[in-house]
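Enquirer: Following this message is one structure expressed as structure tokens.
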């Protein structure tokens with residue numbers, strides 16, 4: 039999260055918006071003062087800034103999973119190697135955002151939630167694309183590819199008009215320095231129909247077809263440096 043949020047803060051020059059989920063989590067704990075003190079230290083790619091960003095994102099879990107999952111942010115102390123790696127990844131991701139023109143970041147899917155999917159937020163919409171940021175050392179998993187398809191389909195039904203400009207969806211991994219993407223018009227209609235009805239919220243029944251859907255998504259992705 040620190041890589042994603044810090045990259046957004048640098049690109050948009052809006053720290054508060056970039057770390058909004060962290061701030062919400064801190065508010066639920068009654069630790070707004072601590073969170074804003076950390077936010078004020080976030081300023082570029084200095085070691086102090088990156089260390090503060092890592093601590094601040096420790097509040098995310100409260101908003102996403104509840105207070106029982108929280109561990110004190112004071113215990114988050116990345117070493118110099120980790121900080122240098124984060125700086126490298128933030129540099130790559132900031133360049134990606136600047137090159138592709140950031141339109142929407144840290145968005146919810148208001149207007150598109152269903153009985154099966156009641157909450158969730160996406161990472162980034164740029165001019166022509168929607169992207170999920172991952173910093174794993176591995177290639178995207180089936181779960182990752184299904185997730186971004188779900189976000190795109192829900193985004194089209196959401197309150198955000200920026201989704202009308204999306205021509206491709208993909209996963210950006212600044213750790214690996216790679217992007218996996220697929221043009222939305224290359225996604226089979228039956229895949230879109232199935233995920234829309236069976237996964238997002240019209241039917242709870244799952245079948246072997248879901249595995250086939252995911253396989254289609256995986257084979258449709260191409261990795262680009």
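Residue numbers (the working numbering): 39 to 263.
We put the CB at the ideal spot given by N, CA and C, even for glycine.
In this text the structure is predicted, and so the values were computed from the model without any measurement.
Which partner residues does residue 210 have in the DSSP bridge list?
Expert: Answer is 171 and 217, bridged to residue 210.
Enquirer: Just curious, the alpha helix (DSSP H) that residue 147 is in, first and last residue?
Expert: Segment: none, residue 147 is in no alpha helix (DSSP H) and carries neither H nor E.
Enquirer: For residue 140 and residue 228, what's the separation of their Cα atoms in angstroms?
Expert: Using only the alpha carbons, I get a separation of about 30 angstroms.
Enquirer: What is the DSSP secondary structure of residue 67, counted as helix, strand or coil?
Expert: Helix.
Enquirer: Assign residue 60 to buried or exposed, taking buried as 16 or more other Cβ atoms, counted over all protein chains shown, within 10 Å of its Cβ.
Expert: Counting Cβ neighbours within 10 Å, residue 60 comes out buried, since at least 16 surround it.
Enquirer: How would you call residue 226, buried or exposed, if buried means at least 16 neighbouring beta carbons within 10 angstroms?
Expert: When all chains shown are included, residue 226 counts as exposed.
Enquirer: Using CA coordinates, which residue listed in 210, 104 and 121 is at the minimum distance from residue 92?
Expert: Checking every option, the nearest Cα to that of residue 92 belongs to 121.
Enquirer: Out of 56, 172, 105 and 72, state which residue places its alpha-carbon closest to the alpha-carbon of residue 112.
Expert: The shortest Cα separation from residue 112 among 56, 172, 105 and 72 belongs to 72.
Enquirer: For residue 205, count the other beta carbons within 10 Å of its own beta carbon; 16 or more makes it buried, fewer makes it exposed. Which is it?
Expert: Burial call: exposed.
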